[in-house]
Structures are given as structure tokens and as C-alpha cells.
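A quick write-up on the structure given underneath.
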Amino acid sequence: MKARNFFSLVITLLLLIIKSFAQTPSLTLHLDKPGAAVSPMLYGLMTEEINHSYDGGLYAELIRNRIFKDNKYTPEGWSLVQDDAGSKAAIKLIAASEENIPRDERGQAINGALSTCLRLTVEKAGGRVGIANEGYWGIPVKPSTTYKASFYIKGTDRKPPLLWPWEPKPTTPPLPDIENNTPGPITVSIESNDGKTVYASGTINLEKNIYWKKYELDLTTAANVQPTKDARFVISTNRIGQYYFNLVSLFPPAYNNRPNGNRVDLMQMLVDMKPKFLRFPGGNFLEGPLLTDAFPWKTTLGSLENRAGHRGSWGYRPTDGMGLLEFLEWAEDMGAEPLLAVHAGYSLDGDHVDAGPLLKPYVDDALNEIEYVIGDTKTYWGAKRAEDGHPEPFKLKYVEIGNEDWFDRSNSYDGRFRQFREAIEAKYPQLKCISTIAATQYPSMKVTGKEPDVVDEHYYRDSWEMWENASQYDKYDRNGPKIFVGEWATREGAPTTNLNAALGDAAWMTGMERNADLIIMSCYAPLFVNINTATPTAPKAWQWDSDLIGYNALSSYGSPSYYVQKIFSDYLGNKVVPATFENIPVQNRPLTKKDSADGIKPKAVPTIFYSATLSDSTGIIYLKVVNTTGKKQTVKINLEGAPKVLPEATVVVIKSDKPDDTNTISNPKKIIPVTTTAKGLGKNFKQSFEPYSVTVMQIQTK
Ligand code: AHR
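Residue 381 in the numbering used here sits at position 380 of the sequence shown; the count goes up by one each step and never skips.
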């Protein structure tokens with residue numbers, strides 16, 4: 002090689018090295034600059050009755066349709082058990098108010114809430130005859146477990162029906178044998194669906210001439226029972242007779258042993274997330290399809306005997322077993338603060354109540370509800386709370402007025418918000434009212450008058466949209482209201498989200514975290530999904546794809562997004578570390594057909610996302626980095642102004658080989674956080690980030 006050629010080769014190589022050095026992504030954390038305080042309530046939970054989140058989910062009740070009101074025409078979830086073909090028996094739904102029910106068959110109500118019941122008529126008992134409940138896609142059975150069963154039962158109605166003089170005489174023929182035989186032992190069991198295996202059973206003695214009596218008993222499984230969800234609950238007899246049932250209930254042990262409590266595995270997953278608040282009761286569940294279907298907080302209080310349930314917003318009838326007090330105690334059990342959303346006179350079908358005198362009853366109702374939560378025991382509703390078992394007022398700082406009122410195209414929210422806010426602030430000046438319309442998200446719908454303290458923004462996006470908008474809060478005005486990101490999610494994967502969604506989530510969360518002075522609270526939605534698909538007797542359990550935590554009757558699992566939420570909440574300092582990133586690698590967002598039609602050009606989107614927070618007390622920097630690509634990416638990290646840097650750091654990584662990899666009920670731990678150690682750290686060091694990964698480094702600087 003000639004000297005000239007050699008010289009130019011060396012120059013080219015040098016230039017390439019310099020260029021590649023200059024292009025190495027480089028992240029500088031400015032510890033020498035003051036960082037904003039991280040909101041202490043940054044990460045919380047949002048919840049509502051959707052996807053069988055409570056009934057058939059967190060709420061531990063195992064009997065489906067326990068007061069027989071799920072369907073007016075048929076006893077959904079219930080079936081006749083008839084072990085011997087020679088028996089003659091039938092079950093029938095007896096609804097107090099149904100016009101198609103003969104007059105003499107009505108009048109079986111226990112009270113206003115328990116007005117529908119199930120009748121079992123046994124005319125010939127060749128063997129065991131009874132009623133079976135299939136549970137919420139199965140009754141779960143676990144070894145050495147005591148289940149609390151209870152139900153109301155009465156024998157044949159001996160009282161002649163009250164008839165008007167002009168009404169015809171009863172059509173039901175007298176059943177003397179049945180009347181005489183109804184009293185006696187009644188067996189209660191948890192058993193396999195074919196009835197061949199009995200996991201636990203007990204007996205009650207039905208007394209003679211009993212008019213609705215509640216019986217309670219414990220059913221305990223043996224230590225060697227194999228866990229299963231394919232079981233049913235049966236109440237049976239081998240005598241002829243006529244039997245009426247209502248409020249049939251079966252509870253496994255609940256979290257913190259609370260009566261009427263929550264499922265243990267799901268509560269543990271939530272507690273592990275260390276949520277700082279719980280936004281409830283919705284979501285759409287707060288509002289209801291019609292104004293009369295809003296969350297009926299008053300009739301969710303007190304004993305189950307008084308809870309009729311209501312229509313709900315997601316196509317099935319909630320029992321309201323998860324009532325206002327249960328929500329509050331659930332928050333308490335997680336060490337979280339309640340964030341109460343009050344119904345604001347708007348319903349999902351678009352009806353609204355104009356501000357003014359017509360809205361006053363709604364405002365008063367919200368004031369009463371708040372009094373139940375925080376009033377002292379001398380107040381009417383505070384005393385009711387004490388009577389319900391919780392004399393101590395709950396902690397409450399934020400009240401949200403409605404939910405997603407940007408759907409109200411009549412623009413009535415402006416007046417409604419103001420009326421609620423003025424009344425709430427007058428009575429409870431310590432409370433902050435959250436507006437569900439954020440001018441930042443819907444500039445044309447701003448609420449006028451006094452600026453809201455906090456506004457709620459909602460974002461349901463795909464991963465590209467999350468990556469494209471992950472830095473949107475960097476540009477927000479600091480003089481406006483604080484932001485509550487009250488619902489958000491990357492919607493990819495069903496029923497629970499996949500790794501790509503988790504990469505979208507993590508990128509979005511780095512943006513919220515970098516701006517944790519402005520974003521004071523945030524919560525993912527929806528939280529829960531019962532993953533059952535339709536069976537011949539029960540519909541598909543979920544209405545919304547892309548959820549955080551999945552379960553069936555027996556077990557549960559977290560999506561990759563769940564684990565991202567968990568590590569972001571686990572590893573969080575109290576100060577934002579200002580940071581600059583040079584040479585962030587980018588990729589072009591693929592164009593959709595619509596983009597091409599609209600003449601939109603490919604847009605460069607970052608492939609690395611980051612945030613850093615510092616714990617003042619420990620000197621630990623929590624550096625979060627998201628690599629959305631299939632290639633390992635190396636970043637130069639500079640810690641400007643760090644007093645010292647320990648050479649080793651704990652590193653937690655969530656990753657997998659393919660973006661659509663996911664966790665499932667049968668493979669629940671495919672993608673979970675894995676902890677390793679990084680070595681060779683200093684004030685300047687290089688760190689490689691795995692393909693499709695979310696990484697948290699804990700860098701010790703003290
Ligand atoms: O999270 C599911 C639904 O999305 C919520 O009920 C509603 O507020 C939003 O539109």
C-alpha cells in the first residue's frame with residue numbers, strides 16, 4: 002500500500018471512530034442542579050366494576066346471582082341437581098313483582114332488597130335433589146380451607162295469599178305431603194361439577210313452619226384436596242317438599258380476615274404495588290347508563306340483606322357487595338388514600354342535569370357521601386359509618402367531580418363543576434376538587450371561573466402513540482393546574498397487555514416521572530380482568546381488552562405492564578434529577594393507511610426513554626431506561642456533580658425476546674423483573690440496555 006493511501010485510510014478510520022463516539026447516546030444527570038420534588042402521591046390505582054373486577058374478581062363472594070336478580074326471567078348461574086332419574090323436581094324463579102307470576106306465587110320477599118327468590122319443588126325424591134350454583138366461572142377449591150356458607154330458606158308458604166275479593170282463587174294445588182315433609186336436614190356441599198367428588202360438606206336442620214330463616218355453617222376442605230376451579234356449590238335434600246332460597250353466600254377466607262372482604266391473592270398483588278391512592282368508584286361505573294343508574298352509595302352500606310345491587314355500566318348487574326365502606330377499607334388495607342369520585346349529574350347515555358336548583362339534590366348527595374367518609378361521629382353520616390364499624394374518619398384530600406365530562410357536548414360541566422366545587426369547598430375547605438375536563442387535553446372545553454386545582458387527563462393509546470408523546474409534559478405550563486392522569490394505558494394485548502404495551506407504558510411513565518412536580522397523581526386503567534371466555538351457561542367475563550391483572554376463580558397473574566407499574570413505584574426517589582440526553586437514537590413510525598391518505602410523513606420517534614429520581618436520604622439515584630428496539634443499546638452515562646459514585650449498582654430488568662411475548666394464567670411468570678448487579682460505575686460510565694427492556698438502576702451516590 003502506498004503511503005498516501007495508508008494515510009487516507011487512517012484518517013477515514015479516525016473520522017469513523019470520532020463520528021461513532023460523537024453519536025453514542027449520552028445521558029447526563031445533573032446532580033449539580035436543583036431538582037423538583039416528586040409528588041408523594043404519584044402512583045396509585047384506579048378501579049371500577051368492569052370485567053368482573055369485583056363480582057367474580059376482588060370481592061371474595063363465590064356465589065353468582067346470590068339474590069336471584071341478575072336476570073328477571075331465569076335463575077342465571079343456578080341449576081337443578083337431581084341425582085336419581087326417578088325424582089320429580091323443578092326450580093323456579095319467584096320474582097315478587099313479575100306480572101307473569103300468578104298472584105298466589107308472589108309475596109315471598111324478605112325485604113325490599115331481597116324480593117326475588119328461588120323455589121325448589123320436590124314432588125318425588127328418588128335420591129338427592131337440590132340447587133347448584135356454578136360460581137363465577139367455577140367455585141375455587143383449595144386444601145385445608147374453611148368456607149363460610151349462609152343462606153335464607155323457608156319451607157312451603159302455609160299462609161294463604163292475600164287476595165282482593167275479585168281475584169281468582171290460587172291456581173297452585175295444595176301439596177299436603179310436601180308441606181309435611183319440608184322440615185328436616187338439608188345438606189350443603191362444595192363438590193365437583195359431576196357431583197362425584199365432595200370437597201367439603203355440612204348439614205343444617207330446617208325447622209318446621211319457618212318463615213325465612215338465615216342458616217350459617219362452615220365447610221372445610223381436607224389437606225389432601227387438589228386445588229381446582231371446576232367445582233359447584235349445592236344445597237340439597239332427599240325429601241319431598243317445597244323450599245324457597247334467598248341471599249345464598251359462600252366466602253373463602255378474605256384478606257385481613259375481613260368479613261365480606263377481598264380475595265387474598267389479588268389484594269397481595271395490589272399491596273405489592275405500594276399504591277398511594279385508590280380512585281373509585283369509576284370510571285363509567287360512577288355514572289351509569291341513565292341518571293338513575295349512578296353508583297348508589299347509600300344502598301351499598303350496611304348488611305348484605307339491604308343491598309339489592311343495581312344496573313351497572315358494563316352489561317351485568319353488580320351485587321354492590323363492594324360498597325362504599327368496602328372501597329374505603331380496601332384503600333386502608335393497602336395503605337392508600339381514597340380518591341372519591343362523586344356523581345355529577347351526567348349519565349353515559351348523554352343526559353345531564355343543568356346547574357341550579359335541579360342539580361342541588363345531586364350536590365347534597367355528594368356532600369352526604371363525603372360526610373360518610375370524613376364526617377365525625379356526631380354528624381348523621383359519620384354516625385352511620387361508626388354504626389357500620391368504622392368510627393374513625395378516613396383520610397381524604399381529593400374529590401373528583403364526575404368522570405370524563407368531555408363527553409357531555411352540552412357544555413353543562415362548566416356550571417355543574419362550579420356548583421359542586423363551591424358547595425364542597427364551603428363545607429370542606431381542606432378538600433381539593435378535581436375537574437374531569439382538562440383544558441390541556443380539551444382546549445375548547447375549559448371550565449371557566451376559578452382555575453381548578455387539579456384536572457384529570459385520560460390517555461388510551463398504542464405503543465407508537467405513547468413513544469411519540471412520552472415527552473408531552475416536558476412542555477406543559479407550570480402555572481396551570483396540577484395534572485392527575487386518572488386513566489391511561491397502552492392498549493396492546495388481550496385480555497391482559499403484552500411486553501410491547503409494557504414498553505409503551507414504561508416510556509410514558511418516564512415522561513410523567515420527569516415531570517413529577519406537575520403530574521401529582523396517575524393511575525393505570527383498567528386494573529382487573531376476569532379472563533374467562535363464554536361458556537354454555539355464562540357469558541364472556543370481560544368487556545375491555547388490555548388490562549393489568551388477570552385471573553380466573555382460582556389463580557391470578559400480572560401482565561408485563563403490572564410489573565412495570567410495580568418497579569416504577571418500588572424504585573422512586575423524592576427529587577427529580579434534571580437530565581439531558583444527546584444523540585437519542587430514533588426510528589420512523591410506520592404509517593397507517595389513514596396517515597398515507599392524509600399525506601402524513603413518517604415521524605422519527607425515540608427508541609430510548611429515561612427518567613431519574615434521587616432519594617435525598619439515601620443518596621440513591623433511580624435511573625429508569627426503556628429500550629424499545631430489538632437491539633442492545635449502549636448509553637454513556639455522566640453523573641455531573643455527584644459527590645461520589647459506588648462502583649456497583651443493583652439493576653432490575655423486565656425484558657423478553659419478542660414484543661408480543663406476554664404472561665398468561667398458565668405461564669404467569671414469563672416476563673417478570675430480574676435483579677442483577679452492574680459493575681465498573683463511576684462519574685462517567687457506559688451501560689448496555691437489553692433489547693425490548695425496561696431497566697431500573699440503583700446508583701449509590703453517598
Ligand atoms: O377504563 C375503562 C373506561 O374508559 C372507563 O370506565 C372510562 O372512564 C373510560 O372511558
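Even for Gly, the Cβ is constructed at its ideal location relative to N, Cα and C. Model, not experiment: these values are computed from the prediction.
Select from Pro166, Val235, Lys451, Thr229 the residue whose C-alpha is nearest the C-alpha of isoleucine 191.
Val235
Of the choices Lys93, Leu28, Asn6, whose alpha-carbon is the least far from that of glutamate 641?
Leu28
Exposed unless 16 or more other CB atoms sit within 10 angstroms - verdict on arginine 159
Confidence at arginine 159 is low in this model, with a pLDDT of 49, below 50, so the placement of that residue should be treated as unreliable; the coordinate-derived value is given next. Its Cβ having fewer than 16 others within 10 Å, arginine 159 is exposed.
Let me check you understand the geometry: is the CB of alanine 526 closer than 7 Å to at least one non-hydrogen atom of the ligand AHR?
Yes.
Answer yes or no: do valine 486 and serine 523 have a C-beta to C-beta separation smaller than 8 Å?
For valine 486 and serine 523, yes; Cβs fall inside 8 Å.
Could you check which residue in Ser88, Gly87, Ile68, Glu330 has the C-alpha nearest to that of isoleucine 79?
For clarity, residue 79 is tryptophan in the given sequence; the question names isoleucine instead. Checked all of Ser88, Gly87, Ile68, Glu330; the closest Cα to tryptophan 79 is Ile68.
Beta carbon of isoleucine 402: closer than 7 Å to some heavy atom of the ligand AHR?
no
My parser needs the alpha helix (DSSP H) runs of 4 or more residues fully inside the segment 318-349; what are they?
325-335
Terminal residues of the continuous beta strand (DSSP E) containing lysine 93?
Judged by DSSP secondary structure, lysine 93 falls within the beta strand (DSSP E) whose first and last residues are 89-96.
Between which two residues does the alpha helix (DSSP H) carrying aspartate 273 extend?
265-273
Candidates Ile532, Lys703, Thr581: which alpha carbon is nearest aspartate 617's?
Restricting attention to Ile532, Lys703, Thr581, the CA atom closest to the CA of aspartate 617 is found in Lys703.
According to DSSP, is methionine 42 helix, strand or coil?
coil
Please state the DSSP three-state secondary structure of lysine 703.
coil
Just to confirm the assignment, what range does the beta strand (DSSP E) spanning aspartate 366 have?
From DSSP, aspartate 366 is part of no beta strand (DSSP E) but of the alpha helix (DSSP H) over 361-375.
Using the DSSP secondary-structure output, state which residues sit across from proline 282 in a beta bridge.
In DSSP, proline 282 forms no bridge with anything.
Taking only three categories from DSSP, how would you classify arginine 120?
strand
Is it the case that the Cβ atoms of isoleucine 700 and isoleucine 601 are separated by a distance below 8 Å?
no
Whole-angstrom Cβ separation of valine 456 and phenylalanine 421, contact assumed at under 8 Å?
With a Cβ gap of about 15 Å, valine 456 and phenylalanine 421 do not count as contacting.
Leaving out five residues before and five after threonine 204 in sequence, what residues of the same chain have Cβ atoms less than 6 Å from its Cβ?
Pro186, Thr188
Which stretch, first to last residue, makes up the alpha helix (DSSP H) that contains lysine 594?
Where lysine 594 is concerned, the enclosing alpha helix (DSSP H) starts and stops at 594-598.
Under DSSP, the alpha helix (DSSP H) around lysine 428 begins and ends at which residues?
414-428
For the pair the segment 229-249 and the segment 140-155, tell me if three or more CB-CB distances fall below 8 Å.
yes
Give me the Cα-Cα distance between alanine 440 and aspartate 506, rounded to the nearest whole angstrom.
23 Å
Return yes when the C-beta of histidine 311 is under 7 Å from any heavy atom of the ligand AHR, and no when it is not.
no
Closer than 7 Å: is that where the CB of glycine 289 sits relative to any heavy atom of the ligand AHR?
no
Look at the Cβ atom of leucine 592, then the Cβ atom of leucine 647, and state whether they are nearer than 8 Å.
no
Report yes if the C-beta of tryptophan 509 is less than 7 Å from at least one heavy atom of the ligand AHR; otherwise report no.
no
Regarding tryptophan 545 and the ligand AHR, is the C-beta to nearest heavy atom distance less than 7 Å?
yes
The ligand AHR heavy atom lying under 7 Å from the CB of glycine 316:
no
Kindly list the residues whose CB is nearer than 6 Å to the CB of phenylalanine 418, restricted to its own chain and excluding five residues on each side of it in sequence; keep chain order.
Ile402, Ser436, Val448
Take every Cβ of the segment 270-283, pair it with every Cβ of the segment 45-55, and state whether three or more of those distances are shorter than 8 Å.
yes
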